[in-house]
Amino acid sequence: MAIIEAEPYAFDLDPGRASLVIIDMQRDFLEPGGFGEALGNDVSLLRRTIAPTRCLLEEARAAGLTIIHTREGHRPDLADLPATKKARGRLAAGIGDPGPMGRILVRGEPGHDIIPELYPLPGEPVVDKPGKGAFHATDLDAMLKNRSVAQLIVCGVTTEVCVNTTVREANDRGYDCVVVADCVGSYFPEFHEMGLRMIKAQGGIFGWVATSEAVIAALQTAAL
Ligand code: C5J
2 MAIIEAEPYA FDLDPGRASL VIIDMQRDFL EPGGFGEALG NDVSLLRRTI
52 APTRCLLEEA RAAGLTIIHT REGHRPDLAD LPATKKARGR LAAGIGDPGP
102 MGRILVRGEP GHDIIPELYP LPGEPVVDKP GKGAFHATDL DAMLKNRSVA
152 QLIVCGVTTE VCVNTTVREA NDRGYDCVVV ADCVGSYFPE FHEMGLRMIK
202 AQGGIFGWVA TSEAVIAALQ TAAL
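This note's numbering puts the sequence shown at residues 2 to 225.
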């Protein structure tokens with residue numbers, strides 16, 4: 002066991018029952034020239050998460066945590082794409098259409114894949130999710146339960162959408178979540194700020210918020 006200095010109060014980390022979950026660090030969301038930038042977003046706001054997440058990923062691998070990566074996207078035949086999700090935004094080029102890095106948010110396309118800086122190692126599960134939450138229509142819960150995981154250390158994008166949705170889903174399924182503030186990001190700084198505040202409000206209604214430095218310090222203490 003080790004203590005993570007966190008808000009709203011310190012978190013008791015049990016590395017043997019903890020997983021690092023990295024949400025949707027995909028080329029289409031983070032890379033210049035991708036879908037996110039084509040929509041007019043400033044991808045540098047997401048890219049600032051790459052370096053700290055890489056450090057945390059290396060420490061988590063060294064500590065033997067279960068590492069899980071997720072990707073948001075759909076089957077090439079789009080059979081799992083709700084008509085409502087397809088229609089929303091009235092985009093000229095939306096999900097399933099040709100985009101700057103292949104068909105937008107379609108599995109197997111270059112833009113759908115994880116950025117090279119955080120690429121999964123063989124043996125690290127990648128959860129392909131059709132929704133915002135990583136538990137919806139996936140085998141994530143089964144994989145975590147099969148490994149006796151009870152604590153999730155959560156990184157990824159975007160803070161207020163897929164990270165928040167996943168943390169809320171996890172909370173209802175009985176997991177404790179620590180969201181790593183400098184390893185999550187949003188195209189909208191105010192949503193990022195509020196997304197973190199919503200998690201730790203009211204005594205940690207959905208979980209805890211900590212820095213990567215604090216999580217790494219706890220992992221290193223636990224290893225001593
Ligand atoms: C994620 C999105 N990953 N914002 N997706 O947050 O559509």
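Ideal Cβ placement from N, Cα and C applies to all residues, glycine included.
Is E73 near the ligand C5J, going by C-beta to nearest heavy atom under 7 Å? Answer for E73: yes, Cβ within range of the ligand C5J.
If you draw a straight line from the alpha carbon of E73 to that of E59, how long is it in whole angstroms? Computed Cα separation, rounded: 23 Å.
Out of F12, P111 and Q27, which one is the CA nearest neighbour of K130? Q27
Suppose only complete runs of 3+ residues qualify. What are the beta strand (DSSP E) ranges in the region 119 to 169, listed by chain order? Restricting attention to beta strand (DSSP E) runs no shorter than 3 residues, the region 119 to 169 encloses them at 127 to 130 and 152 to 158, ordered along the chain.
Which residue from V181, L79 and D78 puts its Cα closest to that of I5? V181
Could you please give the first and the last residue of the uninterrupted alpha helix (DSSP H) stretch that includes D29? DSSP places D29 in the uninterrupted alpha helix (DSSP H) bounded by R28 to L31.
From the DSSP output, read off the bridge partner residues of T71. For T71, which the question treats as bridged, DSSP gives the partners I24 and V128.
Cβ of D25 within 7 Å of any heavy atom in the ligand C5J? yes
Let's test the definition: count the other Cβ atoms within 10 Å of the Cβ of Q221 and tell me whether it reaches 16, buried, or not, exposed. exposed
Under three-state DSSP, which class holds E6? Looking at E6 - three-state DSSP - the assignment turns out to be coil, as it is neither helix nor strand.
Whose C-beta lies closer than 8 Å to the C-beta of L119 among residues of the same chain, with five residues either side of it excluded? I23, M26, I51, T54, R55, L58 and H70
Thinking C-beta only, is L106 closer than 8 Å to H137? Taking 8 Å as the Cβ cut-off, H137 and L106 do not qualify as a contacting pair.
Does the ligand C5J have even one heavy atom less than 7 Å from the beta-carbon of T212? Taking the Cβ of T212 as the reference point, every heavy atom of the ligand C5J lies at 7 Å or farther away.
Output the boundary residues of the alpha helix (DSSP H) element that contains G204. Per DSSP, the unbroken alpha helix (DSSP H) holding G204 starts and ends at P190 to G205.
When DSSP builds the beta bridges, which residues end up paired with P101? G103
In chain order, what residues of the same chain have a beta carbon less than 6 Å from the beta carbon of L141, not counting five sequence neighbours either side? V128 and A135
Quick check on I206: buried or exposed, where buried means 16 or more other Cβ atoms within 10 Å of its Cβ? exposed
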